[in-house]
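**Student:** Sharing a structure below in structure tokens format, with a few things to ask.
In our numbering, the protein residues as written are 5 to 320.
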């Protein structure tokens, strides 16, 4: 099993040698669909496809929702540069619950990116004529089915809405994923996953001039290197408007006492290596208390600035 994870890491390194930028760069709309979700995954450089065991699986791999055995409500806030904010809310409700998985899971997701107070100019002048805002949103419904404790599949339907000032655009999309646990009772459990995201209609503000969505495919493997303590996820992702890029993330969990737990995370991605400055790594930490968990992540975007992601997950 260890050889399998090493093989995927080697593939990830090979993919990472290619720049994420490609010949199709700038040809997809609704770029906010690439921004990720919770801070737990953010601290792992969003290498979460083969882990995906919380409510944020709605974004990363809907098949992973089958690993949830309690209802979960999760919310995340990301503070970007230049006053850009990004909010995520996910809710997952498991049914047909077994000891360590659920046979059916329904989930909802809301994603909202917004910028306000953009200065408006109607001529070549330094004097603004009022302000306007922009907003991008996606609203999703997910369903996951587990055939058994090893194999599960999931699908997500999304409605996408974008606006700039008085202009509006909308689209729909589908995500899908599979998750397979090779050896759930092994000394070092290994999971394999594959997903596609954002397959759907086109979006655009001008009639007759639209762009396709940033459809992506990802292949991932995760291993509990130290059972119930250290997990590593390695994956390769390709959007239709980028070359393939690699992401690797690790999470270390430490139980402080029976009620409190802590987590430390790090990761690296080659997705933004073309951005000038310091990019690629990610760091994160988390603290859980009984049925709630708070997580934080830092991701640098080079010359654009740093981003900070915060999330809260509550189990019922």
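Beta carbons: idealized from backbone N, C-alpha and C, even for Gly.
For residue 256, which option in 75, 275 and 231 has the closest C-alpha, if you only look at C-alpha atoms?
**Tutor:** Considering only alpha carbons, the answer is 231.
**Student:** Nearest-angstrom Cα distance between residue 21 and residue 246?
**Tutor:** Residue placement at residue 21 is poorly supported in this model, since its pLDDT is 43, which falls under 50; the coordinates are not used for a value here.
**Student:** Measure the CB-CB distance between residue 308 and residue 85 and report whether it falls below 7 Å.
**Tutor:** Yes.
**Student:** Helix, strand or coil for residue 300, going by three-state DSSP, please let me know.
**Tutor:** Looking at residue 300 - three-state DSSP - the assignment turns out to be strand.
**Student:** Tell me where the alpha helix (DSSP H) around residue 45 begins and ends.
**Tutor:** That run of the alpha helix (DSSP H) goes 43-46.
**Student:** Straight-line CA distance for residue 269 to residue 214?
**Tutor:** So the two alpha carbons sit approximately 39 Å from each other.
**Student:** Suppose the cutoff is 6 Å on Cβ atoms and the five residues either side in sequence are ignored; what does the same chain contact list for residue 253 look like?
**Tutor:** Here the set comprises 48, 49, 51, 237 and 271.
**Student:** From residue 259 to residue 216, what distance separates their C-alpha atoms?
**Tutor:** In a straight line, the C-alpha of residue 259 is about 45 Å away from that of residue 216.
**Student:** Just to confirm, are residue 79 and residue 62 a CB contact at a threshold of 7 Å?
**Tutor:** It is not a contact, given that the beta carbons lie outside the stated cut-off.
**Student:** Can you tell me the Cβ-Cβ gap for residue 251 and residue 148, rounded? I've got them flagged as a contact below 8 Å.
**Tutor:** Going by Cβ atoms, the distance from residue 251 to residue 148 rounds to 23 Å, so no, they are not a contact pair.
**Student:** Tell me the rounded alpha-carbon separation between residue 162 and residue 32.
**Tutor:** One C-alpha to the other measures close to 17 Å.
**Student:** Decide if residue 76 is buried, meaning its Cβ has at least 16 other Cβ atoms within 10 Å, or exposed.
**Tutor:** Answer is buried; the Cβ neighbour count reaches 16.
**Student:** Nearest to residue 296 by CA position, among 58, 54, 38 and 39, is which residue?
**Tutor:** Ranking the options by Cα distance to residue 296, first place goes to 58.
**Student:** Around the Cβ of residue 227, are there at least 16 other Cβ atoms within 10 angstroms (buried) or fewer (exposed)?
**Tutor:** So residue 227 counts as buried.
**Student:** Just to check my reading of the structure: residue 288 and residue 305 have Cβ atoms closer than 8 Å, yes? What is that Cβ distance to the nearest angstrom?
**Tutor:** Actually they do not touch by this definition, with Cβ atoms about 16 Å apart.
**Student:** In the DSSP assignment, find the alpha helix (DSSP H) that holds residue 61 and state where it starts and stops.
**Tutor:** It spans 61-64 - the alpha helix (DSSP H) in which residue 61 sits, taken as one unbroken run.
**Student:** Return the chain-ordered list of same chain residues with a C-beta closer than 6 Å to the C-beta of residue 239, the five sequence neighbours on each side being excluded.
**Tutor:** So the list reads 51, 53, 222, 224 and 251, once near-sequence residues are dropped.
**Student:** Look at the alpha carbon of residue 205 and the alpha carbon of residue 65, and state the distance between them as a whole number of angstroms.
**Tutor:** Whole-angstrom Cα-Cα distance: 20 Å.
**Student:** Does the Cβ of residue 282 have 16 or more other Cβ atoms within 10 Å, making it buried, or fewer, making it exposed?
**Tutor:** Classification for residue 282: exposed.
**Student:** Terminal residues of the continuous beta strand (DSSP E) containing residue 153?
**Tutor:** No beta strand (DSSP E) contains residue 153, which DSSP labels as neither H nor E.
**Student:** If you compare alpha carbons, which of 262, 120 and 284 is closest to residue 292?
**Tutor:** Answer by Cα proximity: 262.
**Student:** Thinking residue 197 and residue 180 are a contact (beta carbons under 8 Å), I'd like their distance in whole angstroms, please.
**Tutor:** Between residue 180 and residue 197 the Cβ distance is about 11 Å, and since that is not below 8 Å, they are no contact.
**Student:** Is residue 36 helix, strand or coil when you go by DSSP?
**Tutor:** Three-state DSSP puts residue 36 in a helix.
**Student:** Are residue 141 and residue 102 touching if we call contact CB-CB under 7 Å?
**Tutor:** Not a contact, by the Cβ cut-off of 7 Å.
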